[in-house]
Amino acid sequence: MSNLQLFWYILIGVLFAGFFFLEGFDFGVGMSVKTLAHNEKEEDQLIETIGPVWDGNEVWLVTAGGAMFASFPYWYASLFSGYYLILLLVLVGLIIRGVSFEFRHHMPADKRWIWGWTLSIGSLIVPFCFGLLFTSLVQGMPINANGDLSATFTDYVNPLSIVGGVALTLLSYLHGLNYISLKTTGPIRTRARNYAQALYGVAYVGLAAFAILLYFNTDFFEVRLTSTVIFLALMIILTVVANLALFKGKETTAFLASGLTLVSLVALLFTGLFPRLIISSISPEYDLLIENASSSPYTLKIMSFVAIGLLPFVLGYTIWSYYIFRKRIKHTNVAGY
Amino acid sequence: MDIVTLARIQFAMTTVFHYFFVPFSIGTGLVVAIMETLYVTKKDEFYKKMAKFWGNIFLLSFAVGVVTGLIQEFQFGMNWSEYSRFMGDIFGAPLAVEALLAFFLESTFLGLWMFTWDKVSPKLHVVFMWLVFVGSMMSAFWILVANSFMQHPVGYTINNGRAEMNDFVALVTNPKVMYEFSHVIAGAITLGGIAVAGMAAFRLLKKDSLTELSRTVYQKSLRVGLWVGLVGSVAVLAAGDFQMKAMLETQPMKFAAAEGLYEDSEDPAAWTLVAWMNEKEKERVFGIEVPYVLSILSYHELSGSVDGMNTINERLIEEYGERNYFPPVNALFWNFRVMAGFGMLMLMVSIVGLFFTRKKKPILYEKPWMLWIVALTTFAPFLANTAGWLLTELGRYPWTAYGLFTIEESVSPNVSATSLLISNISYFTLFTILGSVMVYLVIRTLKKGPDVLEAAEHEEPTIDPFAGGAFNE
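Protein sequence lines correspond, in order, to chains G and V. Taking my numbering as reference, the numbering of the first sequence is continuous, increasing by one, and the terminal residue is 370. Taking my numbering as reference, the numbering of the second sequence is continuous, increasing by one, and the terminal residue is 884.
Below, the structure written as structure tokens:
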């Protein structure tokens with residue numbers, strides 16, 4: 034494995050981690066629109082908290098996909114064709130959710146509720162499907178010598194992957210609730226905190242189930258014991274930290290901790306998978322590896338220059354934009370979107 | 412149906428639908444940026460209302476464009492995994508650059524633009540819109556780098572059973588890129604201008620129901636739109652001319668099919684205005700020809716013959732082996748004529764429209780039949796843009812990357828026809844809904860007009876974002 038291959042594997046992990054940290058709370062806020070808000074004005078208030086930033090956050094996923102295509106085309110090809118229907122669902126979710134903001138804004142008052150629902154449902158589908166995808170992937174999938182993945186229903190949907198899907202959805206929801214209490218004023222802020230407090234109980238059970246199923250269904254504890262234990266522990270510690278911070282009213286800490294929980298999850302999966310990209314359940318010799326699935330050294334080199342040159346600018350103006358929108362959305366002054 | 416056909420239907424359906432909104436948002440984005448710039452330079456609130464009003468339609472189009480674009484990135488892996496394996500080393504790079512360079516820029520500054528009206532200085536605010544426009548241009552550039560490779564591969568070697576990049580600069584400076592880029596951007600700008608002018612004309616037809624403000628907004632918009640349309644359509648024509656000549660050299664089969672030529676032409680070559688071809692018997696059923704014109708179009712000279720498809724077919728068989736090289740001839744022939752015909756129409760409507768709306772004697776506003784012509788032209792750029800892409804992509808047949816890899820070889824072997832059918836039905840259903848809602852909301856926005864929007868605005872004092880703490884209470 035060359036350094037460039039390693040660099041791109043890490044970069045893709047970082048892009049997915051960034052995606053779940055940022056878009057994670059967008060999904061949570063999206064789900065909250067139909068579960069937390071009591072009236073349309075509160076829905077407007079919630080949507081306004083992510084209005085200016087959600088589209089940029091989604092680009093992290095687009096970039097992760099593009100980076101995968103550019104640096105590990107065999108991975109991209111096997112994964113996307115192999116997870117066909119799940120990714121179709123992801124797309125449907127992203128589409129109905131992505132248009133909701135504008136459509137809801139321009140709809141006549143009596144039809145706005147439709148696009149509130151599509152926003153919530155879309156925001157639920159996507160993290161669930163990604164959780165399902167990654168946690169079924171790490172169990173090994175039937176790929177043949179050509180890298181073609183032809184799996185059956187239970188390869189995709191099994192206890193670990195269902196718990197994985199629910200866990201990612203729940204963590205995104207909690208992350209969203211923490212974001213809401215950080216970004217709003219008024220009754221919705223208190224309600225978000227109460228919801229989160231209650232749900233953290235469920236999260237502990239979910240994390241325990243996840244850890245146990247991970248032990249029985251993957252080889253993570255055999256091949257990557259240290260990192261697996263560390264990142265699992267981190268997920269639990271960060272969840273406790275978020276929970277306690279919320280209890281003490283430290284909203285920023287709670288938000289950062291729930292975001293880092295998602296980051297730890299991605300780190301857990303990416304280190305456990307390493308140095309494989311897709312584990313073949315047919316035969317170890319069909320494993321798709323970082324070493325044999327990448328682009329040529331030339332392409333990786335060019336793309337490294339591009340990424341290293343551009344990322345600082347992207348991060349710069351993204352942070353600036355968050356700085357501009359740092360103000361809380363007041364319940365007394367909702368412009369709505 | 413077999414998986415290749417289903418995957419091709421999906422590619423056609425998703426790209427065509429996506430491409431209604433791409434040039435729409437690039438073009439209207441430019442129009443809005445121009446209007447807001449007029450507001451900043453003239454300090455006239457009127458232009459701000461105009462920019463905000465058309466900004467609403469731009470935002471609707473942008474939203475649908477973004478979500479349908481997601482499908483494009485996913486479908487290469489989902490439906491065309493063999494293509495992704497063979498081409499990923501080259502094809503993935505421009506897509507990743509596009510995301511890093513363009514998508515982040517577009518979406519971040521669009522968010523800033525939408526939510527900082529009256530909160531930052533007007534001068535800074537208009538910069539946000541221009542950055543969105545720059546972002547969309549860069550996005551177009553990089554995706555066309557990828558497409559240009561498919562049409563005319565450069566900067567690669569065949570190694571390890573796949574195409575590998577060996578010259579990034581060659582990939583970017585592929586002559587096809589500049590032709591495609593200028594043609595596509597000019598086409599998008601034309602669309603933005605003509606669509607804004609046309610939609611304004613629709614509203615001006617109901618002038619009795621319009622307030623003074625609305626009428627002025629629509630009249631001004633019509634002129635701004637026609638100016639943009641004029642500049643755009645002249646540029647389209649020039650870029651198209653270059654592109655035709657490049658096509659004659661690099662993709663002669665596409666060129667000959669677009670002209671419906673089975674046999675080599677005479678010298679000088681006559682141009683066929685309309686024709687119908689029998690694709691089975693490989694012969695022309697009928698056609699109306701204009702002498703000399705094809706020589707002029709192809710070589711800018713009064714002489715010179717053009718090879719017909721039969722000749723080119725033999726050459727291709729010799730070079731690449733036995734295979735069907737004939738693209739769908741009638742489709743190419745007619746898409747070319749739809750594109751060029753509507754292009755000419757838009758150019759004429761722009762010139763004549765600008766003449767009859769000049770300050771001295773703006774009679775166009777008084778004559779419903781003239782307004783109707785401008786109004787109906789709204790649809791022309793959508794048809795022209797779509798026809799242009801159908802010509803380009805159908806004419807690539809039988810290749811996904813010209814001379815390197817065929818469509819048959821490209822499809823995902825592990826995806827079943829059932830899966831493809833499910834996704835085709837899902838997309839079709841979604842597109843029907845999105846398309847209808849989009850049209851409904853654009854009409855609704857137009858009917859509400861600029862003054863209603865203004866009434867709904869809420870006032871907030873201007874804040875300088877560079878002054879620390881200004882946003883925190």
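Ideal Cβ placement from N, Cα and C applies to all residues, glycine included. Note that the structure is a prediction, hence the values are computed from the model and not measured.
Taking Cβ-Cβ distances shorter than 8 Å, what residues in chain G pair up with V:I833?
L118, L121
Quick one: does G:P345 have its CB under 9 Å from some CB of chain V?
Closer than 9 Å: no.
Using the beta-carbon of each residue, which ones in chain V are nearer than 7 Å to G:E135?
L470, L471, A474
V:G476 and V:F432 - do their beta-carbons sit closer together than 9 Å?
yes
Once DSSP output is grouped into helix, strand and coil, what is the label at V:R419?
Correct three-state label for V:R419: helix.
Can you list the alpha helix (DSSP H) stretches of 4 or more residues lying completely in the stretch 208 to 252 of chain G, in chain order?
220 to 250
Measuring CB to CB, does V:N558 end up less than 9 Å from V:T803?
yes
Can you pull the chain G neighbours of V:R496, defined as C-beta to C-beta under 8 Å?
P106, Y107, A110, G180
Distance, G:S194 Cα to V:W541 Cα
Approximately 45 Å, taken between the alpha carbons.
I need the straight-line Cα distance from G:P317 to G:T185, nearest angstrom please.
19 Å
The stretch 573 to 584 of chain V touching the stretch 486 to 502 of chain V, judged by at least three CB pairs closer than 8 Å
Touching, yes.
At a CB-CB cut-off below 7 Å, which residues of chain G make contact with V:T439?
In chain order: nothing, as chain G lies at least about 14 Å away.
For V:G754, the three-state DSSP class (helix, strand or coil):
helix
What number of angstroms, rounded off, separates the C-alpha of V:F882 from the C-alpha of V:K453?
Only weak support exists for where V:F882 lies, its pLDDT of 42 falling under 50; the value from the coordinates is given anyway. In a straight line, the C-alpha of V:F882 is about 28 Å away from that of V:K453.
Looking at C-beta atoms only, is the number of pairs between the stretch 818 to 830 of chain V and the stretch 488 to 495 of chain V that lie closer than 8 Å three or more?
yes
Does the pairing of the stretch 141 to 155 of chain G with the stretch 62 to 81 of chain G give three or more beta-carbon distances under 8 Å?
By the Cβ test, the stretch 141 to 155 of chain G is in contact with the stretch 62 to 81 of chain G, since at least three Cβ pairs between them sit closer than 8 Å.
For V:I569 and chain G, any beta-carbon pair shorter than 9 Å?
no
Please go through the stretch 713 to 753 of chain V and give each complete alpha helix (DSSP H) segment of 4 or more residues, from N-terminal end onward.
Taking only runs of at least 4 residues, the alpha helix (DSSP H) segments lying wholly in the stretch 713 to 753 of chain V are 720 to 731.
With DSSP as the reference, please indicate the residues paired to V:E623 in a beta bridge.
Under the DSSP definition of a beta bridge, V:E623 lacks any partner.
Nearest-angstrom Cα distance between V:K691 and V:F737?
10 Å
Using beta-carbon positions only, say whether V:A649 and V:A597 come within less than 9 Å of one another.
yes
With distances taken Cα to Cα, identify the nearest neighbour of G:I269 among G:P345, G:Y331, G:A242.
G:A242
Going by beta carbon distance, what residues of the same chain come within less than 7 Å of G:M34, once the five residues before and after it are set aside?
P308, I323, E324
Whole-angstrom distance between G:P85 and V:M525, CA atom to CA atom:
7 Å
Helix, strand or coil, according to DSSP, for G:F358 in the structure here?
coil
Which residue wins for smallest C-alpha separation from G:V199, given the options G:T187, G:L157, G:R257?
Checking every option, the nearest Cα to that of G:V199 belongs to G:L157.
Return the chain-ordered list of same chain residues with a C-beta closer than 7 Å to the C-beta of G:I83, the five sequence neighbours on each side being excluded.
D59, V62
Suppose the cutoff is 6 Å on Cβ atoms and the five residues either side in sequence are ignored; what does the same chain contact list for G:S205 look like?
Counting only Cβ-Cβ distances below 6 Å, and skipping sequence neighbours, we find G57, F60, G61, P160.
Give a yes or no on whether 9 Å exceeds the smallest Cβ distance from G:L37 to chain V.
The beta carbon of G:L37 sits no closer than 9 Å to any beta carbon of chain V.
Comparing the C-beta of G:H364 with each C-beta of chain C, is any distance below 9 Å?
Among the protein chains in the structure shown, which are G and V, there is no chain C.
V:T479 CB to nearest chain G CB: under 9 Å?
yes
Would you say G:A50 faces chain V, with C-beta separation under 9 Å as the test?
It does not; no Cβ of chain V falls within 9 Å.
Residues of its chain near V:W783, where Cβ-Cβ distance is below 8 Å and the 5 sequence neighbours each way are ignored
A612, L616
Residue from V:F485, V:L512, V:H429 whose Cα sits closest to the Cα of G:S345
A small fix is needed here, since residue 345 of chain G is Pro in this sequence, not Ser. Ranking V:F485, V:L512, V:H429 by CA distance to the CA of G:P345 puts V:L512 first.
Please say whether G:L321 and G:I176 have beta carbons closer to each other than 9 Å?
yes
Helix, strand or coil at G:L165 [DSSP, three-state]:
helix
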